[in-house]
Amino acid sequence: MHKKLISSLLLGSILMTPIYAHSNPNLNDISEHWAKKEINQFISSGYVNGYEDKTFRPDNSITRAEFVKLVNKYFGFNNSEDIKFSDISINDWYYKDICIASKVGYINGYEDKTFKPDKTITREEVSKILISVKNKQDNVYDKLNKYPDKNKVSNWAKAYVEGAIEQGYLKGNDLGLLNPTNNITRAESITILSRVVKSKPEIKKETKKELKKETKKETKKETKKETKKETKNKPPVITAKDLTIKQGDEFEYSMINAQAKDAEGENISRYINYSGNVDTSKEGEYPITLTAEDDKGTTNSLNVKVIVESINKCYISSNGSDSNSGSKKSPFKTFNKAIKSGAKTIIADPGEYWGQQIIANNLEKLHILINQESASPTNNSIYLKNGDGLVFKLDNSTKLYKCNRTFNKNSRFHRVFITKELPPIEAGERSNGVNACIWETFKDYKKDKTLIPVLTLDECKSKQGTFFYDGESIYLNPNDGTIDNKVYRTPLEEGNLLNLVNINDLVLENVKAEFSYETVAVLYNNNNMTVRNCEFSYSALGEGAQPKKSNGNFYKCIAKKNRNDGFNIQTFGDTHFFDCEAMYNYDDGISHHTGCTGSIHGGEFYGNGKGGISPAHGAKIDLFNTICHNNRYGIYSVSTNNDYLGTKVRHMNNVCYDNEVGLQVVNYHILSYNCKYTNNNITKQVRDNNNTSLEEL
């Protein structure tokens, strides 16, 4: 029984009599480990030992009970108090250590009166314990904010993680990541503890008492009286904020991150008592009362709320995992996982989401929003992109920008998109100076299935601003190239980036969707759409965004460089566009078709192959304050549908310039007020028939 217990416990060493002595040269799994030095030091000091099979298992995780045992040994804590946790009995091996931890006050149980001793402990939870022991919380997050995964730190843990970084206990990995919610390993727990200077709370109390006596002798009586008068009846000061957690999350009082100080400024946080129940299975706001008492018996209380968010709200992050819970501190990685989980509102961290599609059908509600807590003026979009991104870095020896992955010679590789800001590259796009996706399309694509949209990486020898592929790596050459010419073509992935169908309440905000084989965003038969600050660009064969039989509003949205239209509104939809833009699309910037109604307010439409704005085929679309320039047609109002000849629409304060034709009107009656058509090759073309008129008001 004794041997079985030793081998089954994760920190077998600290629970039983040491098996190995001193540096444990016989342990067979630490000789090459990065934490070898710290592990050997802890073994020599008697804090930990290896397992009976001569292993240490440095990369295994550690439980709450095991870490408490290690902390008590390391700091020499011995004083204890009685505890009452429903999942701990006096016969458990960890009972005494949890009694000690409770007395010192560095760890608490959960709100449901459990301790969960066998639950693994995370890096941020370890930070909380060590900073509580050392009383080094820090609410100014200047150190934490330097880490790219700062937003993964739970709100309740931020002051502790900041303090742990400030004190040098907690450090990032080789990639500069804190990984705060990752389970801490045996090696990591030893390394972090080794950075902490040991001291006991008992020693601190004795030192304080001795200092008080010495100060009393040296201080004048008048000063003593004044000090007593000032602090005599002042109650403790408690500080805490409301806490938000996700439905189904575990809750413990320590997550509130409360602090308390007595009248003399001494930290008495470990003596805070909590009252109030939180049912994490139900959304709502739960009041919690915090009460602190100083050594004079003076008490003070503070009320805070624990807010349990609905399970219908999920969080995602490009650094998340679909094995997570989808909560704010444990986000999913993909949108479709969040949708399948039943989420009605998806809060996404800003950043790039490569290789993802958003597919939803027959939902009462779907809101996709950016996480404003994570956003910044320079990072405020959800970039949804087809395929995998290629990152180019400057090779100082060759002065070439090299992709960080290689490919076998003559092999085909999928999903290549050049999107990073780099020195000017002649990429063959319709607009100059933009480094982005390049493709070739063929008019006879549907007849000849071998001709597919491609990306071309092409280097012209000794010419600046070109791509080339040398059989192993992709390069960008802003300088003179010296490698033989190479041409490489790569097919785009099929499908749409967004395919949202039959949704009664649809909201999209700050979604930038780029690079799609077909139409970027299919929005079919949706009601109450609100699409704000979104972008739909680089469709190889289709449209940017295609609302069909859908009703709603678009605000400050962009559609550019799509094979057909930027915005293509189909079949009896009622849509309204406010300050939107469409540019460099092969066909129309924005077009409306049979039976559509709505309006366009403001916005700029330019560089499109056909119409900047094309309310055609009998669509009844009013135009206000729009600007159209450098298109084949500025505004193209043409109907060939016999059921909608002579549709009457309003044009007010529109400006068309530098187009081949400023205004084209066929089978529409247009009521025009204060519209200007300047510097176009042809100012207006209005067909002379009974169904066509342009009435200047």
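For reference, each letter of the sequence shown is one residue, going -23 to -1, 1 to 674 in mature numbering (1 follows the signal peptide of the UniProt record, and there is no 0).
Note that the Cβ used here is the ideal one computed from N, Cα and C, for glycine as well.
Per the C-alpha coordinates, the member of A325, A78 and Q662 positioned closest to N128 is A325. In this model, Y654 and G521 are separated by some 27 Å (Cα to Cα).
The segment 558 to 643 is shown to contain no whole alpha helix (DSSP H) run of 4 or more residues. Under DSSP, C76 shares a beta bridge with no residue. At a Cβ-Cβ threshold of 9 Å, R163 and E102 do not count as neighbours.
Between the C-alpha atoms of K342 and C511 there is a straight-line separation of about 19 Å. Membership of I84 in any alpha helix (DSSP H) is not indicated, and neither H nor E is assigned to it by DSSP. The same chain holds no residue with a CB closer than 6 Å to that of N254 once the five nearest residues on each side in sequence are set aside. Taking every protein chain shown into account, the CB of N651 has fewer than 16 other CB atoms within 10 angstroms, so this residue is exposed. In this structure, N658 sits near V638, with a CB-CB distance shorter than 9 Å. The beta carbon of Y230 is closer than 7 Å to those of N85, E88 and Y251 in its chain, skipping five residues each way along the sequence. Residue environment for P264: exposed (fewer than 16 other C-beta atoms within 10 angstroms of its C-beta). For R100, there is no enclosing beta strand (DSSP E); the enclosing alpha helix (DSSP H) has its first and last residue at R100 to K111. The C-alpha of N618 lies about 46 Å from the C-alpha of Q349. Beta bridge pairing from DSSP links L475 with I335 and A498.
About 4 Å separates the Cβ atoms of S568 and S591, confirming a contact at the 8 Å cut-off. The alpha carbon of N608 has as its nearest neighbour, out of G623, L622, V632 and D620, the alpha carbon of V632. Three or more beta-carbon pairs separated by less than 8 Å are not found between the segment 5 to 23 and the segment 128 to 147, which leaves the two stretches without contact. Residues of the same chain with a CB within less than 7 Å of the CB of N481, apart from the 5 flanking positions on each side, are E341, K342, N504 and N505 in chain order. Contact between the segment 27 to 40 and the segment 2 to 15 is established, with three or more Cβ pairs separated by less than 8 Å.
Note that the C-beta distance between V138 and S104 is below 9 Å.
Along the length of the segment 281 to 314, whole beta strand (DSSP E) runs at least 3 residues long occupy 290 to 293, reported in chain order. Comparing C-alpha distances from S171 to each of N528, N159, S527 and L107 shows the shortest one belongs to L107. As the crow flies, the alpha-carbon of M560 is around 54 Å from that of S38.
According to the DSSP secondary-structure assignment, H344 is paired through a beta bridge with T322 and V484. Rounded to whole angstroms, the separation of the alpha carbons of A536 and H344 is 21 Å.
When DSSP reads this structure, T655 sits in a beta bridge with Y634. DSSP, read as helix, strand or coil, puts A12 in coil.
Here the C-alpha atom of T257 lies approximately 14 Å from the C-alpha atom of S302. Leaving aside the five residues that flank G580 on each side, the residues in its chain whose CB is nearer than 6 Å to its CB run, in chain order, D556, C557, E558 and T603. If you draw a 10 Å sphere on the C-beta of R100, you find 16 or more other C-beta atoms in it, and that means buried. Per DSSP, the continuous alpha helix (DSSP H) segment holding N49 begins and ends at R41 to F52. A distance below 9 Å separates the beta carbons of G588 and G566.
DSSP places Y137 inside the alpha helix (DSSP H), whose first and last residues are K135 to E143. Taking 9 Å as the cut-off, the Cβ atoms of I16 and I98 do not count as close. A164 carries a helical assignment under DSSP once its states are collapsed to helix, strand and coil.
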